[in-house]
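In our numbering, the protein residues as written are 37 to 317.
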């Protein structure tokens, strides 16, 4: 037990150090020049304002409906594609609120911008840890497992999406967590990680749930057909436990899922076919 705790402690410490080192150039430019890479997309135009909007409402304990949202509307559902149902987004909001509480600062924009680096490091650390444990389940050497998790977590894809559409990079944590959950279920008959992965993915984003389900379904079918030497479940047992885990995970995470579906249904972007005369009198 003590040896396992020591292993996890050093893994967390090394992951944090590596994540900080990964963002040293970003931190340097931010401190030295006040610059933060957000690409030419929606980084500053939408993402940061959305975060500020949610933070302001979280501080006032005014959730779901806002008279100032357009002509008045359910902003919680409408922003579910972005941040309102994302666990990482609410962790980020907690970071901001805690800093404001202790620092007594009301410069919300500056704090939210700086917090992009903090949550990026935090998320990178989480990805490193969960991917490392996933690789260990594949009987990969510990050193190689950490190198593999480092290449995955510290990739340009993660860096790009973290500072543009930051919620996109959440999937880089959800996917290996779900794969780890499947492996733990098949080889150890433990369902907790898989249920947790399903619940937070379903809660986080309706679109992520759809695409991730396709990947996980293909992986699960492959693992059910081709048995691994450490598998403890038969094909029928694997199928049964998977259905149970999906059902329980959905029950836990359906709150955010329903918000995402409602937002998708209400978001009609179809073009209206208007007849326009060739010659306008």
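All C-beta atoms, glycine included, are put in the ideal place defined by N, C-alpha and C.
Remember, it's a predicted structure, so these values are computed and weren't measured experimentally.
Under the rule that 16 or more other beta-carbon atoms within 10 Å means buried, what is residue 140, buried or exposed? The count along the chain shown starts at 1 and reaches residue 140 at position 104. Exposed.
Tell me whether residue 59 sits in a helix, a strand or coil according to DSSP, three-state version. As a first step, residue 59 must be located in the chain shown, where it is residue number 23. If DSSP states are grouped into helix, strand and coil, residue 59 belongs with coil.
Can you give me the Cβ contacts of residue 298 inside the same chain, cut-off strictly under 6 Å, excluding the 5 residues immediately before and after it? For the purposes of this step, residue 298 is taken as residue 262 along the chain shown, with counting starting at 1. 113.
Look at residue 215 and residue 277 and say whether their C-beta atoms are less than 8 Å apart. Position 179 of the chain shown, counting from 1, holds the residue named residue 215. Position 241 of the chain shown, counting from 1, holds the residue named residue 277. For residue 215 and residue 277, no; Cβs fall outside 8 Å.
Taking residue 243 as the reference, which of 117, 315, 234 and 68 has the closest Cα? Mapped onto the chain shown, residue 243 falls at position 207. Among 117, 315, 234 and 68, the Cα nearest to that of residue 243 belongs to 117.
Hey, quick one: how far does the alpha helix (DSSP H) through residue 243 stretch, first residue to last? The residue labelled residue 243 in the question sits at position 207 within the chain shown. Note, residue 243: alpha helix (DSSP H), 242-261.
Nearest to residue 264 (by Cα), restricted to the options 199, 250, 226 and 175: As a working note, residue 264 is residue 228 in the chain shown. The shortest Cα separation from residue 264 among 199, 250, 226 and 175 belongs to 175.
By the DSSP assignment, the alpha helix (DSSP H) with residue 218 in it spans what residues? By one-based count along the chain shown, residue 218 stands at place 182. First-last of the alpha helix (DSSP H) with residue 218: 207-224.
Leaving out five residues on either side along the sequence, give the residues of the same chain with a beta carbon under 7 Å from the beta carbon of residue 275. Residue numbering aside, residue 275 sits at position 239 when the chain shown is read from its first letter. Around residue 275: 260.
Own chain partners of residue 212 with C-beta closer than 6 Å, once the 5 adjacent residues on each side are dropped: As a working mapping, residue 212 is identified with position 176 in the chain shown. Once the five neighbours on either side are set aside, the close Cβ partners of residue 212 are 166, 167 and 170.
Kindly indicate which residue of 178, 89, 262 and 207 has the alpha-carbon position closest to the one of residue 159. Here residue 159 refers to the residue found at position 123 of the chain shown. When each option's Cα is compared against that of residue 159, the closest is 207.
Is DSSP giving residue 265 helix, strand or coil here? Here residue 265 corresponds to residue number 229 of the chain shown, with the count starting at 1. Coil.
Hey, how far is the Cα of residue 56 from the Cα of residue 147? On the chain shown, position 20 is the one that residue 56 refers to. On the chain shown, position 111 is the one that residue 147 refers to. Going by the C-alpha atoms only, they are around 18 Å apart.
Tell me, please, whether the region 186-201 touches the region 223-235 by the rule of three or more beta-carbon pairs shorter than 8 Å. no
Residue environment, residue 90, which counts as buried when at least 16 other CB atoms sit within 10 Å: As a working note, residue 90 is residue 54 in the chain shown. So residue 90 ends up on the buried side.
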